[in-house]
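Read through the structure below, which is laid out as structure tokens, and then see the notes.
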Amino acid sequence: MSAASGVSRIEFSVLGPFEVRVDGERVDLGGRRRRIVLATLAIEAGRSVSVERLMTALYGDDPPPTSRGQVQICISALRRLLGAYGLSDLIATRSHGYVIEAGDDDIDLRRYENLVARGRRLRDDRRYDEAAGCYREGLAMWSGPALDGLDGDIVRSAATRLDEQRVSVIEDCVELELAQGRHYDLLAELAELVALHPLRERLHGQLMLALYRSGRQAEALEVYRRARRLLVDELGIEPNTWLQQLERAILVGDARLQLPATQPGFTGAGRRPPSVAVPRLLPTDIADFTGRAAQVRAMERRFSRTGESREGPAVPITVVSGKPGVGKTALAVHVAHRLAGRFPDGQLFADLHGQARTRADPAQILERFLRILGVPGSGVPDGLEARAEMYRDLLSDRKVLVVLDNAGDESQVRPLLPGAPPAAVLVTGRNRLAGLAGAEHVELDVLDSAQSVELLARIAGAERMRAEERGAAELAELCGHLPLALRIAGARLGARPHWQVAQLVERLEDEARRLDELDHGGLGIRPSISLTYDGLGDDARRLFRRLALLDFSHFSGWVAAALIDQPYATGQDLLDDLAEAHLVDTVAVGQGAPSHYRLHDLIRVFARERVTAEEDAADRAAALERALGALLFLADDARRRAYGGDYEGVRSDALRWSLPSRVTARLVSSPWEWFERERQTLAAAIGQAAREGFSAACWDLADTAATWYEARAYFGDWRETHQVALEAVRAAGDDRGLATILYSIGGLHIGEHRHEEARRALKSSADLFRGVGDENNEARAVRNLAYIDRLRGDLDASAARYEKVLDVFRRQGELVAVAYVLHGLAHISLERGDAGAALTMLAEARELGGRMGDNRVQAQVLHRLGEAYLQLDQPLVAADTFAETLSKVQDIGDPIGEAYALWGLGIAWTRTGRLEEAGTTLDSALRSAQSAGDRLIEGRVSLAFGEYFLAKGGTPQAMLHLHRALDLFRAVDSRLFESRALAMLANANANANANANANAPANANAAADAPANAAAADATR
1 MSAASGVSRI EFSVLGPFEV RVDGERVDLG GRRRRIVLAT LAIEAGRSVS
51 VERLMTALYG DDPPPTSRGQ VQICISALRR LLGAYGLSDL IATRSHGYVI
101 EAGDDDIDLR RYENLVARGR RLRDDRRYDE AAGCYREGLA MWSGPALDGL
151 DGDIVRSAAT RLDEQRVSVI EDCVELELAQ GRHYDLLAEL AELVALHPLR
201 ERLHGQLMLA LYRSGRQAEA LEVYRRARRL LVDELGIEPN TWLQQLERAI
251 LVGDARLQLP ATQPGFTGAG RRPPSVAVPR LLPTDIADFT GRAAQVRAME
301 RRFSRTGESR EGPAVPITVV SGKPGVGKTA LAVHVAHRLA GRFPDGQLFA
351 DLHGQARTRA DPAQILERFL RILGVPGSGV PDGLEARAEM YRDLLSDRKV
401 LVVLDNAGDE SQVRPLLPGA PPAAVLVTGR NRLAGLAGAE HVELDVLDSA
451 QSVELLARIA GAERMRAEER GAAELAELCG HLPLALRIAG ARLGARPHWQ
501 VAQLVERLED EARRLDELDH GGLGIRPSIS LTYDGLGDDA RRLFRRLALL
551 DFSHFSGWVA AALIDQPYAT GQDLLDDLAE AHLVDTVAVG QGAPSHYRLH
601 DLIRVFARER VTAEEDAADR AAALERALGA LLFLADDARR RAYGGDYEGV
651 RSDALRWSLP SRVTARLVSS PWEWFERERQ TLAAAIGQAA REGFSAACWD
701 LADTAATWYE ARAYFGDWRE THQVALEAVR AAGDDRGLAT ILYSIGGLHI
751 GEHRHEEARR ALKSSADLFR GVGDENNEAR AVRNLAYIDR LRGDLDASAA
801 RYEKVLDVFR RQGELVAVAY VLHGLAHISL ERGDAGAALT MLAEARELGG
851 RMGDNRVQAQ VLHRLGEAYL QLDQPLVAAD TFAETLSKVQ DIGDPIGEAY
901 ALWGLGIAWT RTGRLEEAGT TLDSALRSAQ SAGDRLIEGR VSLAFGEYFL
951 AKGGTPQAML HLHRALDLFR AVDSRLFESR ALAMLANANA NANANANANA
1001 PANANAAADA PANAAAADAT R
């Protein structure tokens, strides 16, 4: 990496056997694992590669428990190896991963990709000779199959992709060179390529063309016959249309095959009748057309080369789809008018009425098209197939644009497609029409805020909109930014110049009348949506209208299944049907996640109208209860998977609508990711359950969600949902629910370091649980009171509470709860300086946590073990323990736990003298603490920085951090840590005054460990 180091130049070879050279000298990378790790990083040079991806690269989808450590070992070994060449900084650490910081010139893959990209730009500029030169220069860099000699799924997948792309580049290059008449020079190369890649039809066609242009027609036809036999025998398919048409053109000696193409690709042949009409059937363009600039440019680019030579003879088709009223026809007509000059032989237009009960018959559309194209009535054949054949023949070499508006499905469109370029087709429809092979799709969404106001201004007057800017923005919002609704609203304002915009806003704010208000001059939202709704099947209509019962911002297949009380697959299929009809929108929630959907505001209003009109109150309530029950069932399962068992929670008698185990396993296989996807849904469901009288479901969902809120430090969500649940249980007179919510609110106050409020909530919770005879959950509340006592420095009171509840948990067989209490008692032993007693209790706690599979308690116990080893002056053992803790908390996605683990690791590195690693680790700990918003651990990290700088002899920096720690501990009322910070400050001041910095590390350690470092927060759900 010469640019970075100024010393040595490193070169990575990916396009062939994987090699690394420094200043021309080949570097011996060592064993298989190092080579795979370095190759994986090199492929992604400049981009961070996660540790998990490197683990998969080494071990596949089932890495061993030691895989994370093995990756770190490989990285360390590679850094040492590269360090010998002055390149130790080449592999940089990033959050959760690593990156190779190399320039494009250092990796042959990057140089190759840049040459190919330049070649494509030159090709697009019609500079074919220069483009081919770039391609050839890049292809010359290959020395064999990509990453030859390496195994592993990720590496081989990347190698396969690169090899495949290489062949495509070769085909592109050959296409250019054929167009320049270099057929003789290409014969040998193409013969070899066909032998190496016998199933690539494009190569067969290129060899056929090169042979034909070299005067070897018979051999060209033999190449086709061999290719056809191979495809039929191996795959059971005929050659593609392009290859078949090329064979026919060679067979008849089409003269145009001898001419170099102006753009690579064979276009086929066709003859135009001697006299045909030039149709101009486009509707009038929309004068106030607004927005859609990106879509217009993309569609114009798509059609810009129609009529020129193409890679194949497929007709360019663009399908514009979207929800009712989104402006599909307006866009298509607007673009068609802009393209009219490129289609001098005419423009055809037909409204297929695809959503109507009596939709247009393709045979009748063809009859009209044929007459317009000059075929007399007596010459129009009978039957759909005969008419379609004549239509394709008439358009075979004509530059005609065919616009098919409002298509219902593919079967309605296919007979109306021309057979070959230079004709082109533009289709609109509410369905995506994915079955139209080779079509490009433009999916229209609503306009943005600025475009919406602009459209209103063009219709109702710009001055009027400027005079009421706020009202205009509110009107656009109430119209859902839907073009049809905006157009209707603008027309109503235009017809009533005496109205203020605010008057129409006020009318639309009444949801019950909104669709009535959006009706003017024959245009209406309700009729537009009704066309699609009426065309659905019974189950799809039922699901659609019941979706409006939910206050969820988005939903997936499990919601649909619960609403209609059907299997998951049925619900998912019906949702997909609604999405295909654009009655629901798809929502991006993350790669690999199940599909999610949402209702547009105006469509939701329509759905609410239908569900109120078509279903009784009992059916609506039952559907909503099932949806809440399905969410509760999934949340329960996610919590079990995250923590390894079903404990530490209170169950209500609310309905749990169960899903099959295989479906549940797929939905919540990664429980933390599931929670992030459904976080808004949980909050909305808690609020809706409270409003609709499902109080048990409300407090049960809130208590379950608190598990996640605590782990991810989502204190705002925690507070808001529990305030709602608190009011619901009080209104319902549910003492058990009230006890549960108060217990959870106590945990929230602990997380926010509001200890007195936490104490009051937990005391009330314990009293209520005792009143309903729930000894186990009363003990849980007392256990958290013990935690508060310890944090405030009252170790005796804390120990007494812990001992009291330990007997309860042991008697009831609550093993995870026993583990948590032992963990708390061990912490007190550490505070008292008795690390031996702490180790004994932690050993039992670790065994119980492992037996129950609770990842969280295991992580907390490991962290406390690390602190015990620090107190025993075994920092190396402590470092290993904290590293294991870090791995566990990262696996379960616990940001506060990650901050604590990094804190411990930083302390351990400081005390082993590895100060560089200590500083880096503590920096990471501070970022994690600040990101999580936890001031206690932020103070702990500042305290650790004080020790770190004292170890480096930097007393002034240490003092700054210690004062910062003191402020933070006072802010969270942590008297225990406040006294620690004061003790360390006293030692630092003494060292500064005596100018005896050499003794500072020992003094700092003594202060920090007398009696012992406090541990990560052990208040628990």
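Heads up: the sequence shown at position 189 corresponds to 189 in UniProt numbering, and the numbers run straight through without jumps. All residues carry an ideal CB built from backbone N, CA and C; glycine is no exception.
Span of the alpha helix (DSSP H) around residue i
i	result
G355	Contrary to the premise, residue 355 reads as Gln rather than Gly in this sequence. Q355 -> no alpha helix (DSSP H), and no H or E assigned at all.
Y59	51-59
Y597	Taken as a continuous stretch (DSSP letters only), Y597 belongs to no alpha helix (DSSP H), being part of the beta strand (DSSP E) at 596-598.
S942	935-952
F606	601-614
V559	557-564
R80	67-83
E511	Segment: none, E511 is in no alpha helix (DSSP H) and carries neither H nor E.
P483	483-495
I222	Note on identity: in this sequence residue 222 is Glu, with Ile being the wrong assignment. It spans 217-235 - the alpha helix (DSSP H) in which E222 sits, taken as one unbroken run.
E247	241-252
E389	384-394
residue 1023	The chain is shown only over 1 to 1021; residue 1023 falls outside these bounds and no answer can be derived.
L655	It is not in any alpha helix (DSSP H) - L655 carries neither H nor E in the DSSP assignment.
R541	538-547
Under 8 Å between C-beta atoms of residue i and residue j
i	j	result
V402	P418	yes
I525	L536	no
N406	H353	yes
V427	V319	yes
V400	G346	yes
T721	A689	no
residue 1026	L628	Only positions 1 to 1021 of the chain appear in this structure, which leaves residue 1026 out of reach.
L915	F882	no
L768	D735	yes
Range covered by the beta strand (DSSP E) that runs through residue i
i	result
L404	401-407
T586	585-587
E19	19-22
G97	97-100
residue 1042	Here the chain comprises residues numbered 1 to 1021, so residue 1042 is not present and cannot be evaluated.
F12	10-13
T318	317-321
Rounded distance between the beta-carbons of residue j and residue i, thought under 8 Å
i	j	result
H755	L791	7 Å
L203	E238	In fact, because the Cβ distance is near 17 Å, the residues do not count as touching under 8 Å.
A835	A878	Contact flag wrong, Cβ pair sits at about 11 Å.
G751	E710	6 Å
A713	D934	6 Å
A965	A981	5 Å
A574	D539	In the sequence on display, residue 574 carries Leu and not Ala. L574 to D539, Cβ: 6 Å. Contact.
L806	N784	Between N784 and L806 the Cβ distance is about 14 Å, and since that is not below 8 Å, they are no contact.
G893	W672	4 Å
- Message: My parser needs the alpha helix (DSSP H) runs of 4 or more residues fully inside the stretch 419-474; what are they?
- Response: 449-460, 462-467
- Contact between the stretch 458-467 and the stretch 487-500: three or more CB pairs below 8 Å? yes
- Item | Touch test, the stretch 329-348 against the stretch 290-300, Cβ-Cβ under 8 Å, three pairs minimum | yes
- Message: If we require 4 or more residues per run, which alpha helix (DSSP H) segments fall completely within the stretch 791-863?
- Response: 795-812, 815-831, 835-852
- alpha helix (DSSP H) runs wholly inside the stretch 114-188, at least 4 long, in chain order: 128-139, 153-179
- Message: With three or more C-beta pairs closer than 8 Å as the rule, is the stretch 183-196 touching the stretch 153-161?
- Response: no
- Query: For the stretch 552-563 against the stretch 441-458, are there 3 or more C-beta pairs whose distance is under 8 Å?
  - Reply: no
- Could you give the uninterrupted runs of the alpha helix (DSSP H) lying entirely in the stretch 679-731, keeping only those of 4 residues or more? 695-712
- Report yes or no: do the stretch 56-76 and the stretch 112-121 share at least 3 C-beta pairs separated by less than 8 Å? no
- Message: Counting beta carbon pairs with one atom in the stretch 655-671 and one in the stretch 716-731, are three or more of them shorter than 8 Å?
- Response: no
- Message: When you compare the stretch 244-256 with the stretch 361-373, are there three or more beta-carbon pairs, one atom per stretch, that lie closer than 8 Å?
- Response: no
- Query: Touch check for the stretch 942-956 and the stretch 916-928: three-plus C-beta pairs under 8 Å?
  - Reply: yes
- Query: Does the count of Cβ pairs from the stretch 87-100 and the stretch 129-147 closer than 8 Å reach three?
  - Reply: no
- Just checking, does the stretch 576-586 make contact with the stretch 617-626 on the three C-beta pairs under 8 Å criterion? no
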